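Numbering (the working numbering), first residue to last: 1 to 233.
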């Protein structure tokens, strides 16, 4: 006899790379917030080729709660591919992406989901960011370039705390570096976008995975999207 397990209402997608000290606290912060929603949910950790003990920590969580799912890559593919993988693996009619570094507040997920009543995609906006001056300056330059070249009005393209209707990301297959431009790509496909302010907290454990190389990657992706702009809709 084949047993069909109903798909959950909500899928939380958490890409992680070398976050062994964070994943348990991520789960313990998310689970109570999700319980209060009154929806069926699954929490999907996408392990992007971690080289520390992240896999062991995730196995412990999966044994503790069957709603925790673990998938990912044998070697690191970076955030864009990790998000795409999570979208494909998920089963919920509503999706939320959130980083695995504890810098976002799970208690704000209900605000993003409520905003989906009038949108297909809701993007978090870190109006007050807990980053160094160098990253803040780069973000301001990146925003100006995206607005000039693409007409992209999203204030905080680097914020991965977002909520989506499943229909908005079903055919998404991001190329390397395109996660920062995902709202723009979805808007070009006709999705309705909203932004809402979210809290940004200092990183507690581990180190940021972003380096100077992302400047050149961002410029490359910006040029690619400009050249492909007519084919994105």
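The C-beta atom is built at its ideal place from N, Cα and C for all residues, glycine as well.
The structure presented is a predicted model; accordingly, all values stated were derived computationally and were not measured.
Check	Outcome
Output the residue ranges of the alpha helix (DSSP H) runs that lie fully inside the stretch 76-113 and measure 4 residues or longer, sorted by chain position.	79-89
What does the alpha-carbon distance come out to for the pair residue 183 and residue 197?	16 angstroms
Which residue wins for smallest C-alpha separation from residue 179, given the options 10, 15 and 60?	15
Quick check: the Cα distance between residue 312 and residue 61, rounded to an integer number of angstroms?	In the structure displayed, the chain extends from 1 to 233; residue 312 sits before or after that span and is not available.
Taking residue 97 as the reference, give the member of 11, 186 and 187 with the closest Cα.	11
By DSSP, does residue 19 sit in helix, in strand, or in coil?	coil
Which first and last residues belong to the beta strand (DSSP E) in which residue 47 is found?	41-48
Quick one: grab the DSSP three-state call for residue 192.	coil
Could you check which residue in 80, 124, 13 and 115 has the C-alpha nearest to that of residue 156?	124
Pick helix, strand or coil for residue 165, following the three-state DSSP scheme.	strand
Can you tell me which of the three DSSP states residue 37 falls into?	coil
Quick check: what's the CA-CA separation for residue 99 versus residue 79?	10 angstroms
Can you name, in chain order, every residue of its own chain whose Cβ lies under 7 angstroms from the Cβ of residue 32, other than the five neighbours on each side?	none
Where do the ends of the alpha helix (DSSP H) carrying residue 71 lie?	Where residue 71 is concerned, there is no enclosing alpha helix (DSSP H), although the beta strand (DSSP E) it sits in stretches over 68-73.
To the nearest angstrom, how far is it from the Cα of residue 95 to the Cα of residue 148?	30 angstroms
So what's residue 153 in DSSP terms, helix, strand or just coil?	coil
Where does the unbroken beta strand (DSSP E) through residue 124 begin, and where does it stop?	121-125
Given this structure, state the Cα-to-Cα distance separating residue 119 from residue 221, to the nearest angstrom.	26 angstroms
Tell me the rounded alpha-carbon separation between residue 87 and residue 7.	14 angstroms
For residue 117 and residue 83, what's the separation of their Cα atoms in angstroms?	23 angstroms
Can you name, in chain order, every residue of its own chain whose Cβ lies under 6 angstroms from the Cβ of residue 199, other than the five neighbours on each side?	105
Going by DSSP, what residue range makes up the alpha helix (DSSP H) through residue 59?	54-64
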